[in-house]
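**Student:** First, the structure itself, so that you have it in front of you.
Chains as they are written, first to last, in this note's numbering: chain Y, 83 to 194; chain W, 136 to 245.
Now the structure itself:
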């Protein structure tokens, strides 16, 4: 099992550029989530999904889009990157509660 | 919304020392999890503990849901325990949506 994988590990964008952060899991988990972590802070939920075709917003959804066409993949799209989106992004997956969440290694994104 | 507060914010220990980390939350929660973020940034789940006490080796955790707090105990600390410890709560409504505290940064020196 690879667990939760994220690509790329690092990315530098210019303001206004778009990109997609990839997340995949091979544990057949129904639930997947995206979080961002800013320096000195805990993680904040961006979007989440409870199954293929079902997504919803978390605490800080503005500027991000998601879709879930398969159980395995949950990409996060930045349509027009802004410096305020400079952060480390973590993807997580789990079975429905009660279950622990498994986190990917993170993507460090810098927007200039 | 719910507030999750962790204390202390920073902790420095000598190898072999014991420590207690605290997590207070401001409202009822469905569950509580403790995570360790190692110096390379990887997040590892330590405990899923909505109530009661659990132990895993040198680590144990206790959650008193009625009083809205949880404690993480680290005994005989090792340099590999260094990193940031987060508690995260799931609010009512499920979906495993977590609200994280700001973390306790632990440095264990040899």
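Where a beta carbon is used, it is the ideal one built from N, C-alpha and C, also for glycine.
Note that the coordinates shown come from a computational prediction; the quantities given were computed from them, not determined experimentally.
Can you name the residues of chain Y whose CB is closer than 7 Å to the CB of residue 140 of chain W?
**Tutor:** Going along chain Y, no residue has its Cβ under 7 Å from residue 140 of chain W, so there is no contact; the nearest lies around 11 Å.
**Student:** What are the boundary residues of the beta strand (DSSP E) that includes residue 142 of chain Y?
**Tutor:** From DSSP, residue 142 of chain Y is part of no beta strand (DSSP E); its letter is neither H nor E.
**Student:** How about residue 235 of chain W and residue 126 of chain Y: do their beta carbons lie closer than 9 Å?
**Tutor:** yes
**Student:** Tell me, to the nearest whole angstrom, how far the beta carbon of residue 146 of chain W is from that of residue 241 of chain W; I am working on the premise that it is less than 8 Å.
**Tutor:** 5 Å
**Student:** Since residue 232 of chain W meets chain Y, which of its residues come closer than 8 Å, beta carbon to beta carbon?
**Tutor:** 115, 127, 130, 140
**Student:** Just verifying my parser: in three-state terms, what is the DSSP assignment at residue 169 of chain Y?
**Tutor:** strand
**Student:** According to DSSP, simplified to helix, strand and coil, what is residue 162 of chain W?
**Tutor:** coil
**Student:** By Cβ distance, which residues of its chain are closer than 8 Å to residue 102 of chain W, with the 5 residues on each side in sequence left out?
**Tutor:** It is not possible to answer for residue 102 of chain W, since the shown part of chain W is limited to 136 through 245.
**Student:** For residue 204 of chain W and residue 176 of chain Y, I'd like the C-alpha separation in whole angstroms.
**Tutor:** Whole-angstrom Cα-Cα distance: 24 Å.
**Student:** When you compare each of Y:194, Y:105, Y:91, Y:100 to residue 145 of chain Y by their alpha carbons, which one comes out closest?
**Tutor:** Y:100
**Student:** Using the DSSP secondary-structure output, state which residues sit across from residue 199 of chain W in a beta bridge.
**Tutor:** Answer by DSSP bridge pairing, in chain order: W:204.
**Student:** Cα-Cα, which of Y:143, Y:111, Y:123 is closest to residue 134 of chain Y?
**Tutor:** Y:111
**Student:** Name, please, each residue of chain Y whose Cβ falls closer than 7 Å to the Cβ of residue 166 of chain W.
**Tutor:** Using a Cβ-Cβ cut-off of 7 Å, residue 166 of chain W is close to 179, 180 of chain Y, given in chain order.
**Student:** Round the Cβ separation of residue 168 of chain Y and residue 192 of chain Y to the nearest angstrom and send it over; I've been treating them as touching at under 8 Å.
**Tutor:** 5 Å
**Student:** If contact is defined by three or more beta carbon pairs under 8 Å, each pair taking one atom from either stretch, is the segment 87-95 of chain Y in contact with the segment 113-121 of chain Y?
**Tutor:** Taking 8 Å as the limit for Cβ pairs, the verdict is that the segment 87-95 of chain Y does not touch the segment 113-121 of chain Y.
**Student:** Looking at C-alpha atoms only, which residue of W:221, W:237, W:225, W:233 is the closest neighbour of residue 172 of chain W?
**Tutor:** W:221
**Student:** Roughly how many angstroms lie between the CA atoms of residue 181 of chain Y and residue 183 of chain W, to the nearest whole one?
**Tutor:** 8 Å
**Student:** Scan the segment 194-224 of chain W for residues whose Cβ lies nearer than 8 Å to a Cβ of chain Y and list them as they occur along the chain.
**Tutor:** 221, 223
**Student:** Assign residue 194 of chain Y to buried or exposed, taking buried as 16 or more other Cβ atoms, counted over all protein chains shown, within 10 Å of its Cβ.
**Tutor:** exposed
**Student:** Could you tell me which chain W residues have their CB closer than 7 Å to the CB of residue 172 of chain Y, listed as they occur along the chain?
**Tutor:** 178
**Student:** For residue 137 of chain Y, I'd like the list of residues in its chain whose CB is within less than 8 Å of its CB, leaving aside the five on either flank, ordered along the chain.
**Tutor:** 129, 130, 131, 148, 149, 150
**Student:** Of all Cβ atoms in chain W, is any one closer than 9 Å to the Cβ of residue 90 of chain Y?
**Tutor:** no
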